[in-house]
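At position 385 of the sequence shown the residue is numbered 814 (our numbering), and the sequence of numbers has no breaks.
Below is one structure, written out as structure tokens; comments come after it.
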Amino acid sequence: MMKNKLTVRLITVIVLSISLLAGIMAPIYFYLQPRMYIKQEARYVADFSQRLKAVEPFEGEALKEFFDNSNVAYRVYVFDEDFNPVFTSLEMGNNKKFLLRLFGDKLEQFSETSTPAYAKIDDESAIRLYTSCTIEGKTYYINIKNNLSGVGKVFSLSNKILSYVVAGYVIICSVILFLAISPSVKAVREVTKVAKDISENNLSVRYQGRIRKNEIGDLALSINKMADTIQDNINSLENYNFVLREDYRYMAEHEELRRTLLRNITHDLKTPLAVISSQVEMIRTCDEQEKKDYYYESAMEEISKMSHMISEVLQMTVDERRIEYKESQHINASDIITELCNNNSAYIKSCELELITDITPNLQLNTIRKYMEFVFRNYLANAVQNAVKKSAIVVSLKEADGAIRLSVENTGKHIPEEMEDKIWTETFTTSPSGKENSGLGLYIVKEISLIEHTRCGFDNTEKGVRFWFDFVNYPNKN
430 MMKNKLTVRL
440 ITVIVLSISL
450 LAGIMAPIYF
460 YLQPRMYIKQ
470 EARYVADFSQ
480 RLKAVEPFEG
490 EALKEFFDNS
500 NVAYRVYVFD
510 EDFNPVFTSL
520 EMGNNKKFLL
530 RLFGDKLEQF
540 SETSTPAYAK
550 IDDESAIRLY
560 TSCTIEGKTY
570 YINIKNNLSG
580 VGKVFSLSNK
590 ILSYVVAGYV
600 IICSVILFLA
610 ISPSVKAVRE
620 VTKVAKDISE
630 NNLSVRYQGR
640 IRKNEIGDLA
650 LSINKMADTI
660 QDNINSLENY
670 NFVLREDYRY
680 MAEHEELRRT
690 LLRNITHDLK
700 TPLAVISSQV
710 EMIRTCDEQE
720 KKDYYYESAM
730 EEISKMSHMI
740 SEVLQMTVDE
750 RRIEYKESQH
760 INASDIITEL
770 CNNNSAYIKS
780 CELELITDIT
790 PNLQLNTIRK
800 YMEFVFRNYL
810 ANAVQNAVKK
820 SAIVVSLKEA
830 DGAIRLSVEN
840 TGKHIPEEME
850 DKIWTETFTT
860 SPSGKENSGL
870 GLYIVKEISL
880 IEHTRCGFDN
890 TEKGVRFWFD
900 FVNYPNKN
């Protein structure tokens, strides 16, 4: 089973985001760690002082035994009101003069309720506690010092090293995160733009980016397929409109039937088209994949209904309708065919086909322009439908046997000899998939050739099939 690459990429993005956040939080933690350590050591000093005050008897030997059992590296000075040493952790401190010189001017700092304080003097960092206690009516002064200079240097060095490591880690994670999400973000933007253009009735656009094997790739393929289906239905609708316009003389005899038909068609087409437009808009704006799939399926269902309805209406009406004679006009056939080729180039490219033109410049004639456009449009649609992918469609306009011949050739399967007459009937389909089709395109082309008293047909070529139509000078009707 194909792995869901987008899901894997999403998980990767989440992991990288968490890693990036951890990389950012790490310096904050190590910045606060020394302060947390100092607070913790201050609590230890305060606890040590309380336990020291509780020693009994409160004299040198007992205090020394308590200090040795505590396994601490504090400097401790305990002396009485006359600066007589009771206990000191240093031999040099066991001297009245030394204590007087060290604490003689600091007695006001000693208090039974004092708390440890952190201070940095010169290059020495330490936690100091100046406290006192009264035992049997006699006051004792206690000074405890916890030197943190070595620890501070370790913290400083580790934080400096960590800052470089974290900076590099954050940069690497940021680059990987950007590379991981950039293709998906770009694809989403392109799909969104295509969906927006389609919602604005620009059906010539297609998603041209790389189709990846993930949800975004599936969505791009679905949008392209939906645009093709809508375009095919619009072409069918144009065929129907052509028949309807050319059938005015006959419909005048059945006015009530015509009004009813138009009213029903207008109502039936307006509703699915409005639904399709709204569903495409929702696909463009919605972020959840499940909802996008729902809106896509709903739009495709409406398109299928519209296609079936159009085919039924055409089949119902084509049997009794014929194309009427219209007024001809002087046209530049070369310019018209060139313009039609340019208008359809994007659509042909989206079908993975190449358009090649061989048009003789400045070919003039009197004919009905709508007929020429209709013939071209149906020949081109037939060629696109039956052409082999990655092949070329050749459009030619040249003088031949006193007429101007329009031909459209595609690379693909030949038309069997037994089908030469059937392809011009209204119910025949040339679709290789056998899909239902009204077959009106070639049928109407044949009707136009009869009106203009000219010829149309096809030839099986070396590569495929070439359909052609001869346009002759068509005199104005008197």
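Just so it is clear, CB atoms sit at the ideal spot from N, CA and C, and this is done for glycine as well.
Keeping to the same chain, check which residues put their C-beta closer than 6 Å to that of residue i; ignore five residues upstream and five downstream.
i, result
"Phe898", "Val804, Leu835 and Cys885"
"Gly893", "Asn839, Thr840 and Gly841"
"Lys818", "Glu781"
"Val604", "none"
"Pro861", "Annotation note: pLDDT 46 at Pro861 (below 50); position unreliable, no value reported."
"Val634", "Val623 and Asp626"
"Glu891", "none"
"Arg751", "With a pLDDT of only 46 at Arg751, under 50, the local geometry of the prediction cannot be trusted, and the value read off the model is given with reservation. Same-chain partners within the cutoff: there are none."
"Ser543", "Tyr559 and Thr560"
Assuming residue i and residue j are in contact, meaning their beta carbons sit under 8 Å apart, how far apart are those beta carbons, in whole angstroms?
i, j, result
"Cys770", "Thr786", "5 Å"
"Phe516", "Ser499", "Not quite, the Cβ-Cβ distance comes to about 12 Å (not below 8 Å), so this is no contact."
"Leu492", "Val507", "6 Å"
"Tyr547", "Ala471", "7 Å"
"Ala832", "Val901", "5 Å"
"Ile564", "Phe487", "5 Å"
"Leu784", "Val824", "7 Å"
Between residue i and residue j, what straight-line distance do the alpha-carbon atoms span, to the nearest angstrom?
i, j, result
"Asn791", "Glu667", "28 Å"
"Leu794", "Thr883", "14 Å"
"Thr621", "Lys654", "15 Å"
"Lys799", "Gly870", "14 Å"
"Tyr570", "Tyr559", "8 Å"
"Phe896", "Ala728", "35 Å"
"Arg557", "Tyr473", "12 Å"
"Leu809", "Asp850", "20 Å"
"Glu619", "Ala596", "34 Å"
"Glu537", "Pro514", "18 Å"
"Arg504", "Cys562", "18 Å"
"Met711", "Gln718", "12 Å"
"Asp647", "Asp722", "10 Å"
"Ser518", "Gly566", "25 Å"
"Glu510", "Asp497", "25 Å"
"Asn772", "Ala816", "19 Å"
"Val594", "Leu650", "44 Å"
"Glu846", "Asn630", "41 Å"
"Ser820", "Ile777", "11 Å"
Excluding the 5 residues preceding and the 5 following residue i in the sequence, name in chain order all residues of the same chain whose CB lies nearer than 8 Å to its CB.
i, result
"Ala502", "Asn575 and Asn576"
"Ile732", "Met655, Thr658, Ile659, Asn662, Pro701 and Ile705"
"Glu802", "Ile765 and Leu769"
"Asn664", "Arg806 and Ala810"
"Arg713", "Thr621, Ala624, Lys625 and Ser628"
Name the DSSP bridge partner or partners of residue i?
i, result
"Pro514", "Phe508"
"Gly886", "Trp897"
"Ser561", "Tyr570"
"Ser757", "In the DSSP output, where bridge partners are listed per residue, Ser757 has none listed."
"Ile822", "Leu784 and Asn839"
"Leu794", "Ile760"
"Arg713", "DSSP output for Arg713 lists no bridge partner at all."
"Ile833", "Glu828 and Phe900"
"Asn575", "Ile556"
Excluding the 5 residues preceding and the 5 following residue i in the sequence, name in chain order all residues of the same chain whose CB lies nearer than 7 Å to its CB.
i, result
"Lys827", "Thr789 and Arg834"
"Asn889", "His843 and Ile844"
"Ser706", "Ser628"
"Ile443", "none"
What's the call for residue i, buried or exposed, on a 16-neighbour Cβ count within 10 Å?
i, result
"Ile797", "buried"
"Ser554", "buried"
"Ile652", "buried"
"Asp676", "buried"
"Pro545", "buried"
"Lys615", "exposed"
"Ile852", "buried"
"Ala483", "exposed"
"Arg806", "buried"
"Asn670", "exposed"
"Glu541", "exposed"
"Lys535", "exposed"
"Gln758", "exposed"
"Val813", "buried"
"Glu876", "buried"
"Ile394", "Absent from the model: residue 394. The displayed extent of the chain is 430 to 907, so no value can be given."
"Asn572", "buried"
"Leu481", "buried"
"Ile600", "exposed"
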